[in-house]
Amino acid sequence: MIDVENLIKEFGPKRAVNGVSFTIRRGEILGFLGPNGAGKSTTMRMITGFFPPTSGRVRIGGHDMAEEPIAAKKLIGYLPESAPCYSDMTVNGFLRFTAELRGMRGAQIDAAVAKVAGLCFLEGVLHQSVDTLSKGYRHRTCFAQSILHDPEVLVLDEPTDGLDPNQKHEVRQIIKRMGQTKAIIFSTHILEEVEACCSRAIIIDRGTVVANGTPAELKARAETAGSVHLRVRNVAAETLKSKLGSLPVAGRVSLQDNPDGSLSARVFPRDKSTRADLSLSVAQTATQSGWSFDELHTEEGRLDDVFRAITLPDSVKTRE
Amino acid sequence: MNESLRNIWTILKRELNGYFASPVAYVFIVIFLLLNGFFTFMLGGFFELGEASLSRPFFNWHPWLYLFLVPAAGMRLWAEERRVGTLELLLTMPVTAAQAIIGKFLACWAFLALALALTFPVVGSVYYLGHPDGGAIFAGYVGSLLLAGSYLAVTVATSAITRNQVISFILSVVICFFLILAGWEPVTSLLVRWAPAGLVELVTGFSVMPHFASFQRGVIDFRDLLFFASVIVFSLFGTSVILRGLRGA
């Protein structure tokens with residue numbers, strides 16, 4: 021549904037987006053990650069046709085944004101980053117206005133407004149003026165506007181920003197539900213959100229895509245991914261290290277003293293092929309040696325480790 | 101109704117409601133009518149003139165009255181949209197920039213037309229006191245409306261340049277002031293003394309004054325209509341260029 025091909029956007033001498041390409045199919049929810057200023061919003065503004073790209077192409081459901089902007093825009097629901105609303109209107113007036121621009125008429129408008137007002141918990145404020153609303157309500161009003169016409173494509177720039185935990189949960193549920201039949205791209209800083217609802221994630225840094233895969237694939241790129249963590253009591257550090265290190269499937273072993281007197285060992289696999297057998301071997305060694313252990317698990321890797329490793333500027337990396 | 105007309109209508113309606121949702125509209129209309137009355141009856145010497153005509157006491161003041169009131173009414177059209185960020189929302193809807201520009205322009209123009217229509221007691225007075233030339237009054241109103249439309253189109257363009265309404269206001273006052281001065285008699289008579297005839301003609305050609313003057317005399321000339329229409333079309337087209345430019349095209 022969304023086809024982005026080699027997008028480039030320059031503002032004067034500065035290149036904000038540098039050759040971004042990806043495709044989102046129906047039924048996919050793409051999480052769009054990146055540090056501030058990486059080019060997320062600029063990319064989304066090009067997808068929705070607000071910014072014309074310096075070069076490259078955006079196609080929405082087969083319609084080229086540059087050649088058939090109206091046909092393409094009809095398919096999109098968009099929540100801009102600041103969730104702007106016309107502050108001199110009531111919530112109801114605002115939603116009806118956007119519905120009319122979306123080509124709806126009469127009873128269709130009533131039904132659509134009633135439906136999104138229910139979905140986004142806006143019933144209580146429908147006849148209140150937008151500028152009297154709290155930030156969370158304003159945000160949900162703008163979000164309601166984006167799903168009002170049941171669009172094929174949803175582009176959401178930080179949809180959960182500024183919401184309380186309950187509202188965040190609700191918005192995520194809506195996104196997940198709509199994601200079953202639509203193509204959705206949303207940007208966020210919250211990595212758990214990506215794990216919770218995305219079928220795929222893209223990390224963008226300084227205008228280029230630096231990672232593209234399922235959340236599990238991305239997590240596997242973490243340094244600690246696949247290592248086995250074992251916590252034991254009353255075992256000498258030396259024995260622990262030599263025994264685990266001598267396993268044929270094991271690579272490096274690192275130890276750590278815990279405040280409660282126990283000892284933690286992190287065993288890295290020798291290479292990728294030995295990952296699967298590692299935890300079993302460690303468990304066998306532990307039982308055969310008669311160690312008392314209270315924790316044993318395989319590390320999945322953490323998305324924020326991957327995020328940090330990929331997007332930290334080189335200068336910061338060397339400093340650490 | 102076809103789709104683009106419907107979009108224009110939707111935007112027009114919203115914009116017009118926006119005026120009346122706040123006290124701005126009422127304040128504006130009251131000030132406009134008060135000033136009109138003041139100029140007509142006090143400064144214009146409506147009674148002293150002793151003629152049954154609105155040309156001198158009433159319409160004569162409009163280029164100056166509009167100079168401040170029209171930019172005040174139109175300055176927020178795009179500037180506010182840019183400041184709040186709704187510009188992004190509006191232009192990512194299935195609406196062309198041209199439809200949005202025309203819708204906003206027509207909304208504000210209709211509002212100005214309403215304010216102008218509310219000056220009807222002046223017409224009543226002149227009919228009560230004498231036997232005026234109805235055609236001349238009608239032509240005067242048409243000219244006044246077109247004059248307001250021209251200033252407004254300029255204001256629409258300047259309000260797209262900035263997110264600050266004050267800057268938009270000042271810019272449009274300056275430009276409209278030029279449109280007056282270029283053909284205002286005291287200025288042109290000064291110019292004639294040293295400038296070649298061609299230059300004088302070129303400068304006065306930009307002015308709204310000679311064109312408005314013929315409406316005031318009761319003449320609706322095609323060339324004058326064309327002049328105002330081209331100021332409006334040029335300014336609105338300029339607005340679309342400005343909007344495209346600020347999206348970084």
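Those protein sequences? They're chains A and B, same order as listed.
So for the first sequence, our numbering puts the first residue at 21; every next one is plus one.
So for the second sequence, our numbering puts the first residue at 101; every next one is plus one.
All C-beta atoms in this analysis are idealised placements derived from N, C-alpha and C, irrespective of residue type, glycine included.
Keep in mind it's a predicted model, so treat the numbers as computed, not measured.
Asked: Inter-stretch contact (C-beta, 8 Å, three-pair minimum) for the stretch 99-111 of chain A and the stretch 177-185 of chain B; Found: yes
Asked: Reference Tyr157 (chain A), options A:Arg290, A:Arg286, A:Gly123 and A:Thr110, closest by Cα; Found: A:Thr110
Asked: Per-residue DSSP class, three states only, for Phe278 (chain A); Found: Residue identity differs from the one stated: residue 278 (chain A) is Asn in this sequence, not Phe. Looking at Asn278 (chain A) - three-state DSSP - the assignment turns out to be coil, as it is neither helix nor strand.
Asked: Among A:Thr74, A:Phe114 and A:Val269, nearest to Pro104 (chain A) - alpha-carbon criterion; Found: A:Phe114
Asked: Contact residues within the stretch 119-142 of chain B, judged by C-beta distance below 8 Å to chain A; Found: Ala121 and Ser122
Asked: For Arg339 (chain A), the three-state DSSP class (helix, strand or coil); Found: Low confidence applies here, because Arg339 (chain A) scores a pLDDT of 48, under 50, leaving its location unreliable; read the following figure in that light. Helix, per DSSP.
Asked: is_contact[Ser107 (chain A), chain B] using C-beta, thresh 8 Å; Found: yes
Asked: Check whether Phe71 (chain A) and Arg65 (chain A) have beta carbons under 8 Å apart; Found: yes
Asked: C-beta atoms of Val145 (chain A) and Leu139 (chain A) nearer than 8 Å; Found: no
Asked: CB contact below 8 Å: Ile129 (chain A) versus chain B; Found: no
Asked: Rounded Cβ spacing between Arg290 (chain A) and Ala270 (chain A) (contact assumed at less than 8 Å); Found: 6 Å
Asked: At least three beta-carbon pairs within less than 8 Å, the stretch 212-232 of chain B to the stretch 132-151 of chain B; Found: yes
Asked: Leu105 (chain B) - containing alpha helix (DSSP H), residue span; Found: Glu103 to Ala121
Asked: Close beta carbons around Ile275 (chain B), own chain, < 8 Å, minus the five adjacent residues each side; Found: Val254 and Thr258
Asked: Close-in-space but distant-in-sequence residues of the same chain around Phe220 (chain B) (CB under 6 Å, 5 per side omitted); Found: none
Asked: Complete runs of the alpha helix (DSSP H) confined to the stretch 169-240 of chain A [at least 4 residues]; Found: 185-199, 211-217 and 235-240
Asked: Spatial distance of Ala207 (chain B) from Tyr228 (chain B) (CA atoms); Found: 33 Å
Asked: Contact set for Ser282 (chain A): own chain, Cβ-Cβ below 8 Å, skip 5 residues either direction; Found: Arg251, Val252, Arg253 and Asp314
Asked: Where Val292 (chain B) sits in the DSSP three-state scheme; Found: helix
Asked: Proximal residues, the stretch 184-197 of chain B versus chain A, C-beta separation under 9 Å; Found: Val184, Gly185, Thr186, Leu187, Glu188, Leu189, Leu190, Leu191, Thr192, Met193, Pro194, Val195 and Thr196
Asked: Touch test, the stretch 111-125 of chain B against the stretch 84-97 of chain A, Cβ-Cβ under 8 Å, three pairs minimum; Found: no
Asked: Cβ pair Leu351 (chain B), Val273 (chain B) closer than 8 Å; Found: Because residue 351 (chain B) is not part of the residues shown, which for chain B are 101 to 349, the question remains open.
Asked: Supposed close pair Ile167 (chain A), Val230 (chain A) - CB separation, criterion 8 Å; Found: With 8 Å as the limit, Ile167 (chain A) and Val230 (chain A) do not qualify as a contact, their Cβ atoms being about 30 Å apart.
Asked: Min CB distance Thr161 (chain A) to chain B below 8 Å; Found: no
Asked: Ranges of the alpha helix (DSSP H) found wholly within the stretch 113-167 of chain A, counting only runs of at least 4; Found: 126-139 and 155-167
Asked: Alpha carbon of Ala172 (chain B) to alpha carbon of Trp164 (chain B), nearest angstrom; Found: 13 Å
Asked: Local conformation of Asn314 (chain B) per DSSP, three classes; Found: Position check: residue 314 (chain B) holds Ser in this sequence, whereas Asn was assumed. Reduced to three states, the DSSP call for Ser314 (chain B) is helix.
Asked: Residue ranges of each alpha helix (DSSP H) within the stretch 243-317 of chain A, 4 or longer; Found: 257-265 and 295-308
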